[in-house]
Structure formats: C-alpha cells, structure tokens
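Working notes for the structure below.
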Amino acid sequence: MYYSLKGKITQITTTSIVIDVHDVSYEVMVAHPNSFNLNEETTVYTHYVIREDEQYLVGFKSLDEKKAFMSLINVKGIGPKTALNALSGTSTEELFNAIAANNITFLKKLPGIGTKAASQIILDLKGSLTSAKADIHQYEQVRTALKGLGFKVKEIEDALAQVNIPNGTNEMILKEALRKLRK
Numbered sequence: 071m072y073y074s075l076k077g078k079i080t081q082i083t084t085t086s087i088v089i090d091v092h093d094v095s096y097e098v099m100v101a102h103p104n105s106f107n108l109n110e111e112t113t114v115y116t117h118y119v120i121r122e123d124e125q126y127l128v129g130f131k132s133l134d135e136k137k138a139f140m141s142l143i144n145v146k147g148i149g150p151k152t153a154l155n156a157l158s159g160t161s162t163e164e165l166f167n168a169i170a171a172n173n174i175t176f177l178k179k180l181p182g183i184g185t186k187a188a189s190q191i192i193l194d195l196k197g198s199l200t201s202a203k204a205d206i207h208q209y210e211q212v213r214t215a216l217k218g219l220g221f222k223v224k225e226i227e228d229a230l231a232q233v234n235i236p237n238g239t240n241e242m243i244l245k246e247a248l249r250k251l252r253k
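Taking the working numbering, the leading residue of the sequence shown gets 71, the next gets one more, and so forth.
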C-alpha cells in the first residue's frame, strides 16, 4: 500500500522514527533507528502491517533491507515484529550470507530467533537466495570436529556465528573457525 515515504526525520526512538511528510508525521518502526539522522530529508521504504488488533508501518533505509524483511515474514512462524527484531541484530548482507551458508548458529544469535526458527529460515529461504545444494548439516559436522579437538561449546558457538562461507566445504569452514578460535 505505501511503498515509501520521503520527508524529514523529526524524532528517533529506540525502535522507531517519525518522518514528517508535508506536515503529516508518520511513526515508522525500524530495525536500525541510529542509521537515520535527525532533521535530515530522506526516503524510507515501507511495509504496511495490518493485523486484527493493530496497524503500523515498518521502514527500511534500503530496498535490500526491505527484501530481507519481506523474505523473513514469508517464513513459517516468523511475524513482522520477530523479523524486525532479527534484522536489528545484523546487516542484510550478513543475514543472506548466513542463510546461503546454512549457518544456524549465526541465525540463533539474532534477537527472537531460536533453533527451530533458524532451521525454518534456512529451509524456506535457502532455495530463493541460491541454487547451490550445500549440506544443511555442514556446520553441525564442523561443530562436532571442533568438540573433538577439545574446544568448549561456547567458544565453538561464538566462532561459528562469525563464519559464513556460502558453498564452502567442511575444510574451509573448519579452517576459518580455527582462525577465529585462535584470536
């Protein structure tokens, strides 16, 4: 319904911005409010959410961010607020790389995303982002190898959450994880 709003940012909160469009102000929920500048003229790409008990605008600095949001809300079990929270914890590039790399560990670190949701995101979005047929258990195999080398679970989780290698082999992922663990 609303594709974008062009106007001046008049207020920034922790979860939203207010944009003045020709003397009409709209409150827009955003993932990264600090990426907007107060009193700056800008274009905000929007999605209008209508529920039985609420209506609100969700805004994005770029079309890529809007694409990421739209992809997430099409995943079974992910609603607009969960998608917005998840986007607040990452960039669109990191999100799409994690999905392409089947990195459930990275996705689980996003606000509001658990193991089940992370698996569902990869299942639903993997094919739409890339045609590669990577092993969805690849990071589990690397996790098991790292446990066998004596690393602690927390260290492994932190390292794997930083490794997103789309179409990477187990060796490539393991090598990068070991680099992260050595730091």
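Where is the CB? At the ideal position from N, CA and C, for every residue including glycine.
Keep in mind it's a predicted model, so treat the numbers as computed, not measured.
Nearest-angstrom Cβ-Cβ length linking residue i and residue j, presumed shorter than 8 angstroms
i: Y73; j: T116; result: 7 angstroms
i: I82; j: L142; result: About 23 angstroms; that fails the 8 angstroms criterion.
i: S105; j: E97; result: About 17 angstroms; that fails the 8 angstroms criterion.
i: V212; j: A247; result: 6 angstroms
Where the alpha helix (DSSP H) through residue i begins and ends
i: G238; result: It is not in any alpha helix (DSSP H) - G238 carries neither H nor E in the DSSP assignment.
i: G220; result: Premise fails: G220 is in no alpha helix (DSSP H) and is neither H nor E.
i: F106; result: Unbroken run through F106: none, as it is neither H nor E.
i: T162; result: T162 to A170
Separation of residue j from residue i, as counted between CA atoms
i: A171; j: T214; result: 17 angstroms
i: N173; j: H92; result: 44 angstroms
i: I183; j: I235; result: 20 angstroms
i: K245; j: I89; result: 47 angstroms
i: P103; j: G77; result: 15 angstroms
i: T239; j: Y209; result: 10 angstroms
i: L219; j: Y118; result: 49 angstroms
i: L37; j: I226; result: The requested residue 37 is not part of the displayed model; the chain covers only 71 to 253.
i: L127; j: R121; result: 12 angstroms
i: A168; j: G159; result: 13 angstroms
i: L251; j: V145; result: 32 angstroms
i: K178; j: L108; result: 32 angstroms
i: L47; j: V100; result: The question about residue 47 has no answer here: the residues shown for the chain are numbered 71 through 253.
i: F139; j: L230; result: 24 angstroms
i: L154; j: A187; result: 14 angstroms
i: R249; j: L157; result: 27 angstroms
i: I243; j: L180; result: 20 angstroms
i: L165; j: E124; result: 28 angstroms
Start-to-end residues for the beta strand (DSSP E) that takes in residue i
i: T175; result: Here T175 belongs to no beta strand (DSSP E); instead the alpha helix (DSSP H) covers I174 to K178.
i: D93; result: Counting along the chain, D93 falls outside any beta strand (DSSP E), and DSSP gives it neither H nor E.
i: I79; result: S74 to I82
i: V233; result: No beta strand (DSSP E) holds V233; DSSP gives it neither H nor E.
i: I120; result: E111 to I120
Residue i, buried or exposed, once every other Cβ within 10 Å from all chains shown has been counted against 16
i: A202; result: Below a pLDDT of 50, predicted positions are generally treated as unreliable, and A202, at 43, falls in that range; the measurement from the model is reported next regardless. Label assigned to A202: exposed.
i: V94; result: exposed
i: E135; result: buried
i: M71; result: exposed
i: T80; result: exposed
i: T185; result: exposed
i: L133; result: exposed
i: V233; result: buried
i: T84; result: exposed
i: G147; result: exposed
Near the ligand FAD: residue i beta-carbon under 7 angstroms from a heavy atom
i: N104; result: The ligand FAD is not among the ligands present in this structure, which contains no ligands whatsoever.
Every unbroken alpha helix (DSSP H) within the segment 122-158, with a cutoff of 4 residues, ordered by chain
133-143 and 150-158
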